[in-house]
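Comments concern the structure below.
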Amino acid sequence: MSSDNRETIPAARPAIGDEEIEAVVRVLRSGRVVQGPEVAAFEEGFSELVAGRHCVAVNSGTSALHLLLLALGIGPGDEVIVPSFSFAASANAVRLTGADVVFADIEPGSFGLDPAAVEAAVTPRTAAIMPVHLYGHPAAMDKLMPIAEKHKLAVVEDACQAHAASLNGTPVGAFGSGGTFSFYPTKNMHSLEGGMITTADAEVARTLRLLRNQGMEQRYANEIVGANMRMTDVAAAVGRVQLTKLAGWTEQRRANAAYLDAHITAPSVTTPPVSEGARHVYHQYTIRVRGDRDAAMAKLTEAGIGNAVYYPTPIHRLKPYWEPDQKAGRTWDLPETERAAAEVVSLPVHPSLGADDLERIAAAVNALGENL
Ligand SMILES: Cc1ncc(COP(=O)(O)O)c(C=O)c1O
């Protein structure tokens, strides 16, 4: 509730409608609840979002990253270049394979990996680059792919926040060796929990199918060491319903963002830039705030505007990364990452916002003025 007794506009609102509920009930009644026909149909449907690439469904976005790295043969002795300005899952997936994380700085505009920083971070041990399409904005794939080709590196796209984003007409998840998506409830579309891996390589897709299911294609004829990272048919049925709504929701997010772009004028605030050729899908609408960010966020909260910082601590400063680096005397030079972590605030942009909500959000941000 705001200080003037209006409902708080939540930062995110997971969509679960009657169709999703009916789909879940239908699957439960069918008795086929794990890795069955719904999963296969969801994979086929999702493939249309990623230029027809093979799609392999798993139980989370983190599992998707982890298995894709494993399927590409990445492990101990390898280095993977990752942005520190992301959710910890991006780096965690690398560390879970036994490979080393090498952090590179981001571009200030797109919040994605800075190609020059990536080029400078390549060593003889580099096996892969992991661009993260943060907030729904595509990373600079036009510049990152040539670097990967030059050094013969795999490219693992973390598209967990960027369903249906694209750069110069190519959808995210269709650039690299493979891509990964999350279907966590607050994502642009969800399956309660879930993830999808995309790849153009049929062999990688087959390995992924083995890895998610104990290394088995045929029951008890285990071919490799795998895990259980299967998606349930219940999750897939929700995902299939959401897939039919994604295009409309994305347009609504983009329209909401366009309204905020046009109406936010506070001098202390920078609205999110969009790179040329980029189709931003606004998983988050993330502004930069100059001055006292904590005070600005408190004022927004008081006005009933949900707000959050993604992410206040860059990954390299989190304990599992910071402590071993300190021990090894390793430091990272990531000024844009540090600056972004100190300045960003995400505002509500989800498709359930109404015209009144958008007006309230813009007015509350504009009331920050110079934020001195
Ligand atoms: C950038 C990024 N990478 C990876 C993940 C992991 O996805 P999940 O939560 O489905 O495991 C998320 C989402 O939470 C994410 O935002």
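Residues in the sequence shown are numbered from 9 upward in steps of one, following my numbering.
Idealized CB from N, CA, C, for every residue including glycine.
Residue of 22, 325, 318, 145 minimising C-alpha distance to residue 172: 145
According to DSSP, is residue 324 part of a helix, a strand, or is it coil? helix
When you compare each of 83, 99, 337, 154 to residue 105 by their alpha carbons, which one comes out closest? 83
Take residue 12 as the anchor and find which of 308, 102, 156 has the nearest alpha-carbon. 308
Entirely enclosed beta strand (DSSP E) segments - the stretch 79–113, minimum 3 residues: 87–91, 108–112
Near residue 218, what residues of its chain come up, given a Cβ to Cβ distance below 8 angstroms and the 5 sequence neighbours on each side ignored? 224, 225, 231, 232, 234
Please classify residue 277: does DSSP put it in a helix, a strand, or coil? strand
Between which two residues does the beta strand (DSSP E) holding residue 190 run? 186–190
For residue 168, is the beta carbon positioned less than 7 angstroms from some heavy atom of ligand 1? yes
What separation, rounded to the nearest whole angstrom, lies between the Cα atoms of residue 118 and residue 277? 16 angstroms
Please indicate yes or no: does the CB of residue 95 lie closer than 7 angstroms to some heavy atom of ligand 1? yes
Over the uninterrupted alpha helix (DSSP H) stretch that includes residue 135, give me the two end residues. Where residue 135 is concerned, there is no enclosing alpha helix (DSSP H), although the beta strand (DSSP E) it sits in stretches over 134–137.
Can you look up residue 159 in the DSSP assignment and give me helix, strand or coil? helix
Who are the near neighbours of residue 92 in its chain, counting only those whose CB is closer than 6 angstroms to its CB and skipping five residues on each side? 111, 322, 323, 324, 342, 345
Keeping to the same chain, check which residues put their C-beta closer than 6 angstroms to that of residue 285; ignore five residues upstream and five downstream. 175, 176
Less than 8 angstroms between C-beta atoms, sequence neighbours within five positions excluded: which residues of the same chain meet that for residue 32? 242, 245, 246
How should residue 45 be labelled, buried or exposed, when 16 other C-beta atoms within 10 angstroms of its C-beta is the threshold for buried? exposed
Quick one: is residue 221 buried, meaning 16 or more other Cβ sit within 10 Å of its Cβ, or exposed? buried
So, does the stretch 353–373 touch the stretch 254–261, judging by three or more C-beta pairs under 8 angstroms? yes
Grouping DSSP H, G and I as helix and E and B as strand, with all else coil, what is residue 21? coil
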